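Sequential numbering from 2 applies to the sequence shown in the working numbering.
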Amino acid sequence: RDHKRMWFSERSFFAGNILERFIAFAGLKRDLKILEIGCGAGRYSIPLIKSGYQLTGIDISERMLKKFREDAAVLDLKGFELICADLDHFDPSPGQFDLIIGFNVLHHLYDVEDHLRKLLPCLRTGGTAAFLEPHAGNPLHMIDTILDRGWQAEKNKSKSTPENIQAVFQRNNLRQVAYEQFGFFPPFLIDAFPLLLNVERSWEKKAMLKKIAPYFMVRGTK
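The following block contains the structure:
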């Protein structure tokens, strides 16, 4: 499938909100070298590059990277690198990156813990690993899983919870591990009615609603 909803769009209020939260949570700075795994067509990467962040993106799909390059060319973006490879055949230098990030990618991995163990050597000591993930315990994601037969191949989707990923981080000796849950409305509603973001922020103050929020960010320090 084309997965057009995962393409870069300058008019996506949903993606803009995600990035605003993630930049603050993960501590992104423009002088840091960032590795994004599963960058896809650049839905989140391209806005980061536009804002001056130094980014290397890796993805298994050349088709998605082709779309990334096309959109980046239209915007005349420079200073980024794209690599088509799977994580098992990705061999960066030790301590090469200051941050490792990913958006909606961990639940696609066959073995999250094994892949994280292989990735961490390329993160410098004191560097941060931070990811945004869907929360498997959210009712909307449960419905999505039932309706989309493609998820049957994604055995880790059911393990995509803040507690599980936090435990994976801790077993890999990451320090200061923390997570934050947020959101309520699906992307198409946010993009159609951006004022719903104000409603989300209000509802997130209610502990019961926040506990089943559809998204979470998790971070840890090497």
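All C-beta atoms, glycine included, are put in the ideal place defined by N, C-alpha and C. Quantities reported herein were computed from a predicted structural model and do not represent experimental measurements.
Taking a cut-off of 8 angstroms on C-beta distances, the stretch 116-136 touches the stretch 100-107, as three or more cross pairs fall below it.
Within the same chain, Arg44, Pro188, Asp192 come within 8 angstroms of Ser13 by CB-CB distance, once the 5 residues on both sides are set aside.
Pairing Asp77 with Lys207, the inter-Cα distance amounts to about 43 angstroms.
In the DSSP assignment, Phe9 falls outside any beta strand (DSSP E), carrying neither H nor E.
Exposed is the label assigned to His90, since fewer than 16 other Cβ atoms lie within 10 Å of its Cβ. For Glu181, the secondary structure class from DSSP, reduced to helix, strand or coil, is strand.
Residue pairing by DSSP leaves Ile147 without any beta bridge partner. Looking only at Met143, Glu134, Met209, the smallest Cα-Cα distance to Tyr180 is reached by Glu134.
In this structure the stretch 195-202 does not lie against the stretch 22-38, because fewer than three pairs of beta carbons, one per stretch, are closer than 8 angstroms. Per DSSP, the beta bridge partners of Ile102 are Glu37, Ala131. Phe81 has its alpha-carbon roughly 34 angstroms from the corresponding atom of Thr146. Collapsing the DSSP output to three states places Glu21 in a helix. For Val219, the pairing in a beta bridge is given by DSSP as Phe132, Tyr180. In terms of Cβ geometry, Leu117 and Asn173 form a close pair [threshold 8 angstroms]. Using a Cβ distance threshold of 8 angstroms, Ala131 and Met209 do not count as a contacting pair.
Residue state for Phe194 is assigned as coil, using DSSP reduced to three classes. Within the stretch 60-95, the complete beta strand (DSSP E) segments at least 3 residues long are 81-85, listed from N- to C-terminus.
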